[in-house]
Each structure stands twice: as C-alpha cells, then as structure tokens.
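For any residue, its number in the numbering used here is found by taking its place in the sequence shown, counting from 1, and adding 1. Okay, structure first, notes after.
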Amino acid sequence: MTHSRRHFLVASAAAGAVTLLPFTARAAAHGGDRFETDAGPLTVHPIEHASFLMETPAGVIYVDPVGDAAQYGDFPKPDLILITHEHGDHYNAETLEALAGDDTQIITNPAVFDMLPDGLKSKASQLANGEDTEFNGLPINAIPAYNTTEDRKKFHPEGRDNGYILGFDGFRVYISGDTEDTPEMRELTDISLAFVCMNLPFTMDSNAAASAVAEFKPTYVYPYHYRGKDGGTQDPEEFAKRVGTDVEVKMGGWYDE
Numbered sequence: 002m003t004h005s006r007r008h009f010l011v012a013s014a015a016a017g018a019v020t021l022l023p024f025t026a027r028a029a030a031h032g033g034d035r036f037e038t039d040a041g042p043l044t045v046h047p048i049e050h051a052s053f054l055m056e057t058p059a060g061v062i063y064v065d066p067v068g069d070a071a072q073y074g075d076f077p078k079p080d081l082i083l084i085t086h087e088h089g090d091h092y093n094a095e096t097l098e099a100l101a102g103d104d105t106q107i108i109t110n111p112a113v114f115d116m117l118p119d120g121l122k123s124k125a126s127q128l129a130n131g132e133d134t135e136f137n138g139l140p141i142n143a144i145p146a147y148n149t150t151e152d153r154k155k156f157h158p159e160g161r162d163n164g165y166i167l168g169f170d171g172f173r174v175y176i177s178g179d180t181e182d183t184p185e186m187r188e189l190t191d192i193s194l195a196f197v198c199m200n201l202p203f204t205m206d207s208n209a210a211a212s213a214v215a216e217f218k219p220t221y222v223y224p225y226h227y228r229g230k231d232g233g234t235q236d237p238e239e240f241a242k243r244v245g246t247d248v249e250v251k252m253g254g255w256y257d258e
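Written out as structure tokens, the structure reads:
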C-alpha cells in the first residue's frame with residue numbers, strides 16, 4: 002500500500018488501525034509497505050524478528066541483517082547497513098560478509114565496530130550515542146538504546162548500543178534497536194515512521210512500548226522484535242490496542258505464524 006502525506010492525516014483518525022500483510026506474499030512480488038516522502042518513495046520489507054530492509058531515496062538500507070543470506074536474495078544489494086548492537090539476533094559477521102557488496106557502507110555502534118573482521122571494518126564507520134553522520138545526503142543520528150530496569154541492565158547497558166533516526170526531507174524514521182522506554186525515546190519529536198521493540202526479559206513489554214509510542218506519537222509504527230521468553234507480554238495485538246488513536250500500527254509479518 003502507498004501512503005501519502007494526505008493519507009497520514011486521514012489514517013491518524015482511525016482508532017487502533019492494524020494492517021496485516023504477510024511478508025512471504027510481499028516478498029514474492031517484490032512488494033512492501035510503501036510510504037511517500039518529499040525525498041521520494043520509501044518501501045519497507047520486514048525479514049524476520051529484528052531484521053528488515055528499506056528501499057529509500059538514499060539507497061537500499063539493511064538494518065541488523067542476520068541469518069541465512071538467502072532470505073535477502075530477492076532484494077537489491079545494500080548500499081548501507083545499519084547495526085544497532087552486538088547480540089546475535091542483530092549482528093552476524095558471516096551474514097554481513099555474504100550480503101555486503103563492494104560499495105556497501107556499514108554504520109555500527111563502537112562495540113560492534115571493534116568486533117568486525119578486517120574486510121568489513123574497511124567498509125565501516127562507527128557512531129556513538131548522540132553522534133550524527135550522513136549517507137548520500139541522508140542525515141543519520143545515533144539514539145541511545147539501553148535498559149533502565151535494574152535486573153535488565155546487563156542485557157543492554159547505557160552508552161553501548163544504538164537506535165537510529167534517519168531524515169528523509171521531513172519524513173523521519175526511528176529504529177529503536179533493543180531498548181526500554183527511555184527518556185530519549187519518549188522525548189522524540191516529528192517521527193513519521195517508527196520501529197519499536199518489545200520482549201521480556203531483554204527489552205520491555207507491550208504496555209511500556211505502547212505507552213512510549215503514545216507519548217512521542219509517530220505517524221506509523223511497526224512493533225518488532227516481539228518474540229521472546231515471556232509469552233503474552235509482547236503481544237503486538239495488545240500493543241496496537243494500547244497505542245491510541247493518533248498512531249497507525251503496521252504489522253510486518255516478522256514470524257511464520
């Protein structure tokens with residue numbers, strides 16, 4: 002489906018709107034969820050769990066690609082790869098080596114940058130919390146991603162991991178990475194499209210995720226990274242019910258269910 006700025010205004014009036022679009026059907030037709038921006042169209046292709054890619058005016062951007070490289074075989078090679086942090090469901094060197102082309106650039110947090118094999122490191126740059134850069138004219142800002150609950154801080158300590166904000170001429174995309182509902186998340190403004198994680202015990206439950214999203218009010222949000230150990234507390238349908246009427250929830254079909 003294509004979403005224009007006019008559609009944003011109409012869709013925001015729909016309470017708890019949920020779109021269910023199985024990924025397998027979209028991938029077969031090279032489809033996806035398409036959003037119109039002032040810079041040009043942006044198409045989102047969920048892959049699985051925390052991995053997805055976007056075809057954008059600045060190039061093809063892969064986010065935390067892991068697993069079998071064949072999952073990405075129907076899509077163009079990445080121009081840019083963003084890595085949020087080092088956990089195995091977000092970073093895998095073998096997958097990166099299989100996917101990265103000669104001209105692919107990689108942006109990581111400093112901890113992952115230090116882990117990269119030499120061949121990948123030559124394509125990479127590091128971005129710490131609060132720093133910014135650009136790629137093909139696309140502004141990229143690293144947003145802190147961390148746990149705030151005491152017994153979860155061991156999973157994602159403050160200062161190590163990244164979320165990202167990408168700015169497409171006023172259409173701002175927020176990628177949470179693994180985090181709880183931090184003050185930095187709640188203070189976000191002017192976000193058009195967000196990807197927000199939830200799963201216990203590693204990040205947050207659907208209540209906390211929905212509360213944060215209702216506060217910073219992106220136009221659209223994908224719940225992702227919601228398969229974890231604690232069944233029920235990361236239910237995307239419950240998340241959608243709690244978000245409120247100002248945000249449209251998109252379901253990406255991240256899992257074979």
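Just so you know, even glycine gets a beta-carbon here, dropped at the ideal spot from N, CA and C.
Tell me the DSSP bridge mates of residue i?
i	result
V61	E56
E37	P42
I144	G164
I108	L83 and S126
A195	Y175 and V222
F169	F172
L139	F136
E49	S52
For residue i, count neighbouring Cβ atoms within 10 angstroms of its own Cβ and tell me buried if that reaches 16, exposed if not.
i	result
F24	The pLDDT assigned to F24 is 35, lower than 50, so where the model puts this residue is not dependable; a value taken from the coordinates is nonetheless given after this. So F24 ends up on the buried side.
E249	buried
G102	exposed
T134	exposed
A15	For A15, the predicted structure reports a pLDDT of 33, less than 50, and the residue's modelled location is therefore unreliable. A value from the coordinates is still provided. Answer is exposed; the Cβ neighbour count stays below 16.
G131	exposed
A99	exposed
D34	buried
A29	Model confidence at A29 stands at a pLDDT of 42, short of 50, so the residue's coordinates are unreliable and nothing is read from them.
P79	buried
L21	Note on L21: pLDDT 35, under 50, position unreliable in the model; no value is reported.
S193	buried
E151	exposed
G74	exposed
Closest by CA to residue i, which one among the options?
i	options	result
D191	A40, D170 and G160	D170
L139	D34, M252 and L43	L43
R173	K155, Y147, L83 and N142	N142
V113	H91, D104, Q106 and T105	H91
R243	D257, V214 and Y256	V214
Y221	T204, T234 and T246	T246
A59	Q72, G74 and D39	D39
W255	G41, E37, L54 and F36	L54
F76	I48, A94, H86 and H88	I48
R228	E37, F203, N148 and L128	F203
T183	I166, N200 and M205	M205
G41	S52, A51 and V61	V61
Hey, residue i and residue j: beta-carbon distance below 8 Å or not?
i	j	result
P1	V197	Residue 1 lies beyond the stretch modelled for the chain, which goes from 2 to 258, so this question has no answer here.
A70	T109	no
A146	D179	yes
G168	I176	no
F217	R187	yes
S212	F240	no
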